[in-house]
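Numbering (our numbering) for the sequence shown: 93 to 448. Just below is one structure, and these are the notes that go with it.
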Amino acid sequence: MEKLALAVMMSSALFEARAGDVALPPISIGAGVQADFQNQNAQAAGTTASVNRFNLDSMRLYMNGNVTNTAQMTFNTEYTTSNSVQVLDAIARFEYSDHLHIWAGRFLPPSDRANLYGPYYANDWFPYSDGVADPYPSVYDGRDNGVAYWGQFGRVKVSAGLFDGATATPQTATFAGNKKLLSAFRVMVDLWDPEPGYYLNGTYYGKKNILALGLAGQHQTSGAALGGTTGGTIYSLDGLLDRKIGNLGVVTLESEYERDTGILNHSHGWYALAAYLFPKRIGIGRIQALAKISDKNVSSGAVVPTAPARSKELDLNYVIDDFNERVGFYYLDQTLMATSLPSAKIYGIKVQYQMF
Numbered sequence: 093m094e095k096l097a098l099a100v101m102m103s104s105a106l107f108e109a110r111a112g113d114v115a116l117p118p119i120s121i122g123a124g125v126q127a128d129f130q131n132q133n134a135q136a137a138g139t140t141a142s143v144n145r146f147n148l149d150s151m152r153l154y155m156n157g158n159v160t161n162t163a164q165m166t167f168n169t170e171y172t173t174s175n176s177v178q179v180l181d182a183i184a185r186f187e188y189s190d191h192l193h194i195w196a197g198r199f200l201p202p203s204d205r206a207n208l209y210g211p212y213y214a215n216d217w218f219p220y221s222d223g224v225a226d227p228y229p230s231v232y233d234g235r236d237n238g239v240a241y242w243g244q245f246g247r248v249k250v251s252a253g254l255f256d257g258a259t260a261t262p263q264t265a266t267f268a269g270n271k272k273l274l275s276a277f278r279v280m281v282d283l284w285d286p287e288p289g290y291y292l293n294g295t296y297y298g299k300k301n302i303l304a305l306g307l308a309g310q311h312q313t314s315g316a317a318l319g320g321t322t323g324g325t326i327y328s329l330d331g332l333l334d335r336k337i338g339n340l341g342v343v344t345l346e347s348e349y350e351r352d353t354g355i356l357n358h359s360h361g362w363y364a365l366a367a368y369l370f371p372k373r374i375g376i377g378r379i380q381a382l383a384k385i386s387d388k389n390v391s392s393g394a395v396v397p398t399a400p401a402r403s404k405e406l407d408l409n410y411v412i413d414d415f416n417e418r419v420g421f422y423y424l425d426q427t428l429m430a431t432s433l434p435s436a437k438i439y440g441i442k443v444q445y446q447m448f
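Structure follows, in structure tokens:
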């Protein structure tokens, strides 16, 4: 019995020693939320009278962790107004150097700047309501399933990959016709300060001076969901000027032109945005004024008569901690493709919090 007890004690001590050597890799967890109160006229609300309502627009959970020095994982989820939770990102990331990154899973494919900054890092509150920004196919919220390479070469950033592409029912990734992979690329040049990393911002609130030009494109030959079995190409050209003018505040100018030759439809469009961030703090934040106009023309494809053709957005924001804490008043006016219908007008106030 004494020998048995001694063996048990030694085994327990050995287990504890080994357990003490085991350490979980570092994991970062964050969250983001966007909520608003808005007034919609009858056309915007799809009713016979105007509507006042509160919206939980988005709630996101972010998780990142290191497997090894060069292998990392990302898992993000989103709760939306549809009262469901979706997988936003699920990425296996090989990060060897600034010049060599390989990502696989679900993530934002090489595309326009607007898609790569997303709703939480956009300068305006409705970056995608006009149908111009992020004109590319996706499984969910700009994301697609695939693999991509990207690299940073000083002020030049390049990325390219293969993805599922256009689907008949994006949530289940059911393809129409023969399934052909979508190829995607992006090339961006920063003429002033560089923008490290894969993701981008709509503004840096004076922390960087940015003059950037980006060219992106995606091509799919068949299996396209809405443009027919022949497929086509979507390409976009985007630019951002974001500069702190001494002690006079921050000026931001952003624009994009895009054209779809048949992946989703046959269309082209553009938008232009201008914003000014006042230098003086009022209380705990700074005031920002913003205006955006856009125009979208669809000649064929899956077009509903309530799709916006021209859009105007005016924002008056109170920026407390950049994209981690901000609140703003907004006005959105959309002229519809069916000109016999009245314009959709939305007024509201929106708040955004993020924590990391």
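Don't be surprised by glycine CBs; every beta carbon is placed ideally from N, CA and C.
- Query: Name the DSSP bridge partner or partners of H360?
  - Reply: Paired residue(s): R351, N389.
- Please check the pair Y349 and L369, which I expect to be a contact at CB under 8 Å, by giving their CB distance rounded to whole angstroms. At roughly 25 Å, the Cβ-Cβ gap does not stay under 8 Å, so Y349 and L369 are not in contact.
- Alpha-carbon spacing of I374 relative to A240, whole angstroms: Taking the straight line from one Cα to the other gives about 44 Å.
- Since G234 contacts G210 with CB under 8 Å, what's their CB separation in whole angstroms? With a Cβ gap of about 7 Å, G234 and G210 count as contacting.
- Query: Taking all protein chains shown into account, do 16 or more other C-beta atoms lie within 10 angstroms of the C-beta of N293, making it buried, or fewer, making it exposed?
  - Reply: With 16 or more Cβ atoms within 10 Å of its Cβ, N293 is classed as buried.
- A258 in three-state terms, based on DSSP: Three-state result, A258: coil.
- Query: Whose C-beta lies closer than 6 Å to the C-beta of D282 among residues of the same chain, with five residues either side of it excluded?
  - Reply: If we look at D282 and ignore the five residues flanking it on each side, its Cβ neighbours are R247, A304.
- Alpha-carbon to alpha-carbon, D181 and P201: Near 11 Å, if we compare the C-alpha coordinates of D181 and P201.
- Item | Beta-carbon contacts of T169 that lie in its chain and below 8 Å, excluding the five residues immediately before and after | Cβ neighbours of T169 beyond the five flanking positions: R152, L153, V177, Q178, V179, L180.
- Task: For D330, write down the residues that DSSP places opposite it in a beta bridge.
- Result: Partner(s): G306, E348.
- Query: Can you list the alpha helix (DSSP H) stretches of 4 or more residues lying completely in the stretch 167-213, in chain order?
  - Reply: Runs of the alpha helix (DSSP H) inside the stretch 167-213: 205-209.
- Query: Could you give the distance in angstroms between the alpha-carbon of M165 and the alpha-carbon of N156?
  - Reply: Near 6 Å, if we compare the C-alpha coordinates of N156 and M165.
- Query: What are the boundary residues of the beta strand (DSSP E) that K442 is part of?
  - Reply: For K442, the enclosing beta strand (DSSP E) covers residues 436-447.
- Tell me whether the beta-carbon of S435 lies closer than 8 Å to the beta-carbon of Q426. In this structure, Q426 lies closer than 8 Å to S435 by Cβ.
- Task: Pull up the CB-CB distance for N158 and P117, whole angstroms please, since I reckon it's below 8 Å.
- Result: A Cβ-Cβ separation of about 5 Å places N158 in contact with P117 under the 8 Å criterion.
- Report the rounded CA-to-CA distance for A258 versus L340, giving the unit in angstroms. So the alpha carbons of these two residues sit roughly 45 Å apart.
- Message: Here's the rule: buried if 16 or more other CB atoms are within 10 angstroms of the residue's CB, otherwise exposed. What is Y188?
- Response: In the assembly as shown, Y188 is an exposed residue. Its beta-carbon has fewer than 16 other beta-carbons within 10 Å.
- Item | Coil, strand or helix - A134 by DSSP | Secondary structure of A134 (DSSP, three-state): helix.
- Message: Using CA atoms only, rank isn't needed, just tell me which of V125, N131, I121 is closest to G440.
- Response: For G440, the nearest C-alpha among the options comes from N131.
- Query: Considering A240, what are the terminal residues of the beta strand (DSSP E) in which it resides?
  - Reply: Element bounds for A240: 236-245.
- Within its chain, find whatever has a CB closer than 7 Å to the CB of T173; leave out the 5 residues flanking it on each side and keep chain order. Excluding positions up to five away in sequence, the list reads N147, L148, D149.
- Taking only the alpha-carbon atoms, compute the straight-line gap between L365 and K442 and give it to the nearest angstrom. Approximately 19 Å between the Cα atoms of the pair.
- Three-state class that DSSP yields for R418 in the structure shown: Collapsing the DSSP output to three states places R418 in a strand.
- Item | Exposed unless 16 or more other CB atoms sit within 10 angstroms - verdict on D190 | When all chains shown are included, D190 counts as exposed.
- Query: Going by Cα to Cα distance, which pick from T313, V279, A308 is closest to L273?
  - Reply: Selection T313, V279, A308 evaluated against L273 yields T313 as nearest (Cα-Cα).
- Message: Please list the terminal residues of the continuous beta strand (DSSP E) segment that includes F277.
- Response: Looking at the DSSP string, the run of the beta strand (DSSP E) that includes F277 is 274-282.
- Message: Beta-carbon within less than 6 Å of L345's beta-carbon, same chain only, minus the 5 sequence neighbours each way: which residues are those?
- Response: Result list for L345: L333, A366, in chain order.
- Query: Could you give the distance in angstroms between the alpha-carbon of Q444 and the alpha-carbon of D414?
  - Reply: Rounded to the nearest whole angstrom, the CA to CA distance from Q444 to D414 is 10 Å.
- Message: Could you compute how far the alpha carbon of S142 sits from the alpha carbon of F186?
- Response: When rounded, the distance between both Cα atoms is 50 Å.
- When DSSP labels each residue in this structure, what does L408 get in the three-state scheme? In the displayed model, L408 falls within a strand according to three-state DSSP.
- Query: Is A127 helix, strand or coil by DSSP?
  - Reply: Note: A127 maps to strand in three-state DSSP.
- Have a look at Y213 and N161 and give me their C-alpha separation to the nearest angstrom. When rounded, the separation of the alpha-carbon atoms in Y213 and N161 is 28 Å.
- Message: Does V396 come out as helix, strand or coil in the three-state DSSP assignment?
- Response: Below a pLDDT of 50, predicted positions are generally treated as unreliable, and V396, at 49, falls in that range; the measurement from the model is reported next regardless. DSSP places V396 in coil when its eight states are reduced to three.
- Item | Span of the beta strand (DSSP E), counted from its first residue to its last, around V143 | Note, V143: beta strand (DSSP E), 143-158.
- Query: Going by beta carbon distance, what residues of the same chain come within less than 6 Å of Q263, once the five residues before and after it are set aside?
  - Reply: Low local confidence applies: a pLDDT of 42 at Q263 is under 50, so the model's placement there is unreliable, with the coordinate-based value given in what follows. Result list for Q263: empty, nothing under 6 Å.
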